[in-house]
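Data first, discussion second: the structure below is written as structure tokens.
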Amino acid sequence: MKTIWRVSGYLFRYKPLFWLTLTLAVASTLFMLVVPLVTRHVVNEVLPKGELANLWWAVLAIAGCFFFREIFNSMRIRVNNTLEQKVLVDLRRDLHDKLMELPIGYFDSRKSGDIASRVIEDVQDVERVILDGTEQGSTALLTVLGTAAVLFYFEPVLATLMILPVPIMLIMARMHFKAQAKNWRKVRSAAGELNSLLIEDIQGNRLINSFALKDQEKARFDERCQELRAFTLKSMFRWSIHGPSTNFVVSLGTVAVVGYGGYLFATQPDRFEAGDFLMFFQYCAMLYMPLSQLNGLNNLIATGKASGERVFEMLDYPVDIQSPERPARFPSGLLEIDFSEVNFGYEGRETLLSNFSLKLERGGVTALVGHTGAGKSTVANLLQRYYDVGSGSVTINGIDVREFDLIDLRKRIGVVAQDPFLFDGTVRDNLKLAKQEATEEELVSALQGASAWEFVSRLPDQMDTRIGERGIRLSMGEKQRLTIARVILRNPPLVILDEATSSVDTLTEAKIQSAVDNLVKERTTLVIAHRLSTVRRADQIVVLDKGQIIEKGMHEELILQGGHYARLWETQTDLIEENAFE
């Protein structure tokens, strides 16, 4: 029940609304409890005496009870919906805030569809628990308690017989809840897997078409659908047994009213009159209807608990990489980066960097080359503090990166990635992510510096042209140059080029390389590349293999050594371009 209590904690953030909801529910319930009492009075007192005037007053009283009950119900629903939406906004905001704080490792080890399923579908399931649990649950519980109190006041023995099925129902509900909660976890997990596949198929639609994989993907999707269907039906089948079974147990209370109530009416008519018999029947319906609602909520709560666990698993995920309480001031001017005896390995894997030491000179270009898995991107990740070193240090001008404010650190680093990411919006929108207050002249200057103005100026609306999700309406080279323009606009002192030209042809590479030349001027630059043509004129080339530096020097020096770099160069001579680093 810990998850349910945590969800309830969101309700208690708005105590006035919460207590107002309960107060209105109590008022609505009290008006309903009055109706059987008035009915009893009419049957026992008014009708036998033929007092028509009192009859009409009683009818008016009953009508008034129904009217005011619905007035309070309407007010309760509005207040409850307001409370519900406030809670949901808080929950979604907390989730999104957490999503922004989660370490890169969290996303590296999880499928995006499963994360999206938690934020969207699981939150919606929690929403249903909040809405139905507070709206229906509070009213049902108050009705049961109020009805039971009145019944015990008039006839304790008959009331006891009517209440006896309730403990049995609660035991059955608890057993069902445990079984359903376990199965609903499987349902939510299967839904996450289905969403992951759906996102893959959407993002990979070109590949699916080019490789004629439609039938294969249809089969995979159908398999995931069938898995989700099986788990869902299993839960529904359990409910198809549990629901009618508990309803039957509860209906035994009605049998008790007919049996023992009829016996009292037949043997003690002076003490238990026709009006009492009718009143108990009315209260019987009022007692068991909310019990059925609470029983139905049991299945809903099992679903919400499974979803809530997935939501709170994300909210509770530890964020180990945080800003220090008293961050150091980021140095100005050119930067010197020093990796000193760094040891690091990803969770669950062997150590990747062992006693790794490397210095990036102020204003210089350092290139990392090596086979896939050599540790090149890991070096960049540690510099941006997406991960912390196991031991050793990474310093900027002698200050450990762990001493800087995270936001301040990452604002000072401009990254051009292998797979450029652009948001669904205009060219202008994407550029202004780097500098919201940028002027028109600054935007054009950044585009010109990135060799991007030539194609942007030809777009239908130039910088106000919408480029689609992930920049789908642009070529890879155009997207890459826009990301370079974005970095130029930010004007950071440190630049990371992560295989920026690995996915383009040689002609496009020449244009990107020209943009890169403009970008790296008077900046400390770290280049990660497979194409050696892009690093030929770097100030320092570092060759990595299994996390170790096996060679280091300038291009000509490494060629003369005839080692690993020279062999890589020989296999790529057809890719050498004259537009390398100045």
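Reading the sequence shown from the start, the letters are residues 1290 to 1871 in the working numbering. Even for Gly, the Cβ is constructed at its ideal location relative to N, Cα and C. Quick caveat, the model's predicted, so the values are computed rather than measured.
Item	Value
Runs of beta strand (DSSP E) wholly within the region 1647-1729 (minimum 3 residues, chain order)	1654-1658, 1680-1685, 1702-1705
Within 9 Å, strictly: CB atoms of Arg1775 and Leu1720	yes
Every unbroken beta strand (DSSP E) inside the region 1724-1781 [3 residues or more]	none
Contact check, Asn1807 vs Gly1703, beta carbons under 9 Å	no
Pick from Leu1586, Lys1768, Thr1772, Ile1785 that is closest to Ala1462, judged by C-alpha positions	Leu1586
Expected contact under 8 Å - CB spacing of Thr1292 and Gly1597 to nearest Å	4 Å
Of the residues Leu1847, Ile1801, Arg1638, the one placed nearest Gln1707, counting alpha carbons only	Ile1801
Distance between Gly1550 and Leu1440 (C-alpha atoms, nearest Å)	12 Å
For Gly1593, three-class secondary structure by DSSP	helix
Span of the alpha helix (DSSP H) around Ile1359	The question names Ile, yet the displayed sequence has Glu at residue 1359. Start and end: 1341-1390.
Inter-residue spacing [alpha-carbon to alpha-carbon] between Pro1325 and Gln1571	6 Å
For Ser1485 and Ala1519, the rounded distance between their alpha carbons	18 Å
Chain-order list of residues whose beta-carbon lies under 7 Å from that of Ile1457 (same chain, five-residue window excluded)	Val1538
C-alpha distance - Glu1866 paired with Ile1773, whole-angstrom precision	Note on Glu1866: pLDDT 47, under 50, position unreliable in the model; the coordinate value appears next. One C-alpha to the other measures close to 20 Å.
Under the three-state DSSP convention, the category Phe1619 falls into	coil
Rounded straight-line distance, which links the Cα of Pro1579 to that of Gly1634	57 Å
Distance, Lys1523 Cα to Asp1414 Cα	18 Å
Identity of the residues DSSP links to Asn1632 by a beta bridge	Ser1680
Simplified DSSP state of Glu1859, which is helix, strand or coil	helix
Environment of Asn1670 [buried if 16+ CB atoms lie within 10 Å]	buried
Cβ contact check for the region 1648-1668 and the region 1823-1839: 3 or more pairs under 8 Å	yes
Helix, strand or coil at Val1296 according to DSSP, with G and I counted as helix	helix
Chain-order list of residues whose beta-carbon lies under 6 Å from that of Val1332 (same chain, five-residue window excluded)	Ala1563, Gly1564, Leu1567
N-terminal and C-terminal residue of the alpha helix (DSSP H) that Gly1532 is part of	1503-1545
Buried or exposed (CB count within 10 angstroms, at least 16 for buried), Gly1548	exposed
For Glu1845, the first and last residue of its enclosing beta strand (DSSP E)	Run containing Glu1845: none in the beta strand (DSSP E); it sits in the alpha helix (DSSP H), 1844-1850.
Alpha-carbon to alpha-carbon, Glu1731 and Phe1870	Per-residue confidence for Phe1870 stands at a pLDDT of 43, beneath the threshold of 50, marking its modelled position as unreliable; the derived number appears in the next sentence. Approximately 24 Å between the Cα atoms of the pair.
Where Glu1598 sits in the DSSP three-state scheme	helix
Contact belief for Asp1627 with Thr1667 at Cβ below 8 Å, rounded distance in angstroms	Not quite, the Cβ-Cβ distance comes to about 16 Å (not below 8 Å), so this is no contact.
Rounded C-alpha distance that separates Leu1336 from Asn1343	9 Å
Unbroken beta strand (DSSP E) run spanning Ala1834, endpoints	Looking at the sequence itself, residue 1834 is Asp, so the reference to Ala does not match. Per DSSP, Asp1834 belongs to the beta strand (DSSP E) from 1829-1834.
C-alpha gap between Glu1859 and Pro1620, whole angstroms	41 Å
Opening and closing residue of the beta strand (DSSP E) in which Ile1610 lies	From DSSP, Ile1610 is part of no beta strand (DSSP E); its letter is neither H nor E.
Distance between beta carbons of Gly1836 and Gly1664, contact taken as under 8 Å	4 Å
Whole-angstrom distance between Pro1616 and Leu1695, CA atom to CA atom	9 Å
Whole-angstrom C-beta distance between Leu1377 and Leu1306, which should lie under 8 Å	Wrong, their Cβ atoms sit about 13 Å apart, outside the cutoff.
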